[in-house]
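Below: one structure, written as structure tokens.
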Amino acid sequence: MEPLRDDDPRAIGGFTLVCRIGSGGMGQVFLGESAAGHQAAVKVIKPSVLDEDSRARFVSEVDSLRTVYGPFVAAFVGADADAEQPWLAVEYVPGPDLRTLVAGQGPLQLAETASLGALLAEGLGTVHDAGLLHRDLKPQNILLSPYGPKMIDFGLAVLAERRTTLTATGFVVGSVLCMPPEQARGEPRLDRSADVYALGAVLLFAATGHYPYEGPTWQAVALRIEDPTTPPDLTALPPELGPLITDMLAPDPGSRPALAEVTKRLVRIIHDLGLTALQAKRRLTELAPEIIVPQLPASALGPEPVADVLTYTPAIVDPAAEERDDEPGAESGDVPMTLPLAFTPDIVPAPDGSPSRSRGSTGVRLSTPLQIAERIRAGYAREARF
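The sequence shown begins at -13 in this note's numbering and counts up one residue at a time.
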């Protein structure tokens, strides 16, 4: 994240823009906050990439995106294709993307990779059921939250669908590193198997830190992808994942497994490790670091302090205290019975959903009922195999 620049808009589509959270060939992504305090990732599209035909496609696809909903898809919030600066707002997910996570912590373990793949396969199913393809699944477009992975940016990928060749002006649909051969060749019609290939490339990266095909330039990578005699690089891939990833990366789209089959085979791997799917998911979500939500600029809050405005500060979680909390009969001294008058506690969950004291705050962070239920369920999963 970085502060707003002098030439950045301060508000768009009813959102006050807080800071920059990403960028791409299509535009800039900001953290926006509505008047009621709802946060969203607001993507401001460059007018230069939207001709009349693209705007019409954008309107049509935005209508479709309104129907895409699922626990592993960043929810559609709003859009305006007719604005001077067209914009698209989706759910803000306060967590790292997969590429950043692997770069900082190293490749995922087998159980975590299998859980990630099973959850993403279910998420892609919701996208496909809405009549859409992601077309741009890659580690940067997968965010790791305390509740599981979230896919983002499929709205822009659909918007860019007209520009399907590698020679398009300035960008391609999908990352070359995760792109199936038919997409690299610029074939105008893609089907669900293209997303299956991309998911296989993502899982290979998650488990090893490298992609199926790499090279000094995108042209060199594309040539290797298009050559059916060049097998993908599966170096360091756990043998349990080898057969499935090989099938998902098949050059022939018709030879790739369906998403339901992908989920089934990944869950089988999890069970072979002696874990339930829920336990594996819990291991995956524990990788998400502490949630840090940027503070809204003071100028946006008005001239006088407001008691019921949430303050956003990093969660400080004591691992030793967490272990004590898990012991039978353990009591937490972290949550007082009363709170200061006119004090509103931070309500930003720690990674495991537990109450935790925040630095620079005079109170505590409280768990919502949903977080409490999730913690109870996860705790039960450690004792019972089901």
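By construction, the Cβ of each residue, glycine as well, lies at the ideal position given by its N, Cα and C atoms.
By DSSP's criteria, I(-2) is part of a beta bridge. Which residues make up the other side? F1
Using only alpha-carbon positions, find the residue among V54, H120, P93 and G117 that is nearest to L223. P93
Pick out whichever of W73, D(-8), E77 and L36 has its Cα sitting closest to the Cα of Q14. W73
Residue of L17, P33, K32 and S34 minimising C-alpha distance to A26: L17
The alpha helix (DSSP H) spanning E205 covers which residue range? The question names Glu, but residue 205 in the sequence shown is Gln. Run containing Q205: W204 to E212, per the alpha helix (DSSP H) assignment.
Starting from the C-beta of A192, find all residues in its chain whose C-beta is less than 7 Å away, skip the five residues before and the five after it, and write them out in chain order. L84, V88, P93, L94, T99 and L102
Compute the Euclidean distance between the alpha carbons of P33 and V4, then round it to the nearest angstrom. 22 Å
State yes or no: is the C-beta of G109 within less than 7 Å of the C-beta of G56? yes
Looking only at its own chain, which residues have a Cβ that is under 7 Å from the Cβ of V54, when we skip the five neighbours before and after it? F62, T112, V113, A116 and L118
Helix, strand or coil for Q169 per DSSP? helix
So, with DSSP's three-state summary, where would you put K250? helix
Residues in the same chain with beta-carbon distance under 6 Å from A184, minus the five sequence neighbours each way, listed in chain order, please. L123 and C164
Using the Cα positions of P202 and R210, report the straight-line distance between them to the nearest angstrom. 12 Å
Taking Cβ to Cβ, would you say T2 is nearer than 7 Å to E19? yes
Roughly how far, in whole angstroms, is the beta-carbon of A107 from the beta-carbon of T232, given that I think they are within contact range, below 8 Å? That belief does not hold up - the Cβ atoms of A107 and T232 are roughly 16 Å apart, past 8 Å.
When you compare each of A67, I31, D258 and P214 to R41 by their alpha carbons, which one comes out closest? A67
Helix, strand or coil for Q91, going by three-state DSSP, please let me know. helix
Length-filtered (3 minimum) beta strand (DSSP E) runs lying within the stretch 52 to 125: 62 to 66 and 73 to 77
If you drop the 5 nearest sequence neighbours on each side, which residues of the same chain put their C-beta closer than 7 Å to that of D177? P239
When the distance is taken between beta carbons, is A104 closer than 7 Å to V253? yes
Closest Cα partner of L190 within the set L220, D213, G172 and E200: L220
Find the nearest neighbour of Q126 within the set I7, G64, L51 and S50, judged by alpha-carbon distance. I7
Separation of E70 from K267, as counted between CA atoms: 42 Å
Along the chain, where does the beta strand (DSSP E) containing G134 start, and where does it finish? G134 to M137
Please report the distance separating the alpha-carbon of V28 from that of P(-5). 11 Å
Which partner residues does S9 have in the DSSP bridge list? Q14
Should G228 be labelled buried (16 or more other beta-carbon atoms within 10 Å of its own) or exposed? exposed
Taking the straight line between their C-alpha atoms, what separation do you get for P77 and G186? At residue 77 the sequence reads Glu, which differs from the Pro that was named. Near 25 Å, if we compare the C-alpha coordinates of G186 and E77.
Range covered by the alpha helix (DSSP H) that runs through A192: R178 to T194
Taking its Cβ as the centre, do 16 or more other Cβ atoms sit within 10 Å of D(-7), making it buried, or is it exposed? exposed
Check each candidate in T215, E247 and L261 and name the one with the smallest Cα separation from L230. E247
Delimiting residues of the beta strand (DSSP E) encompassing A384: Any question about residue 384 goes unanswered here, given that the chain covers just -13 to 372.
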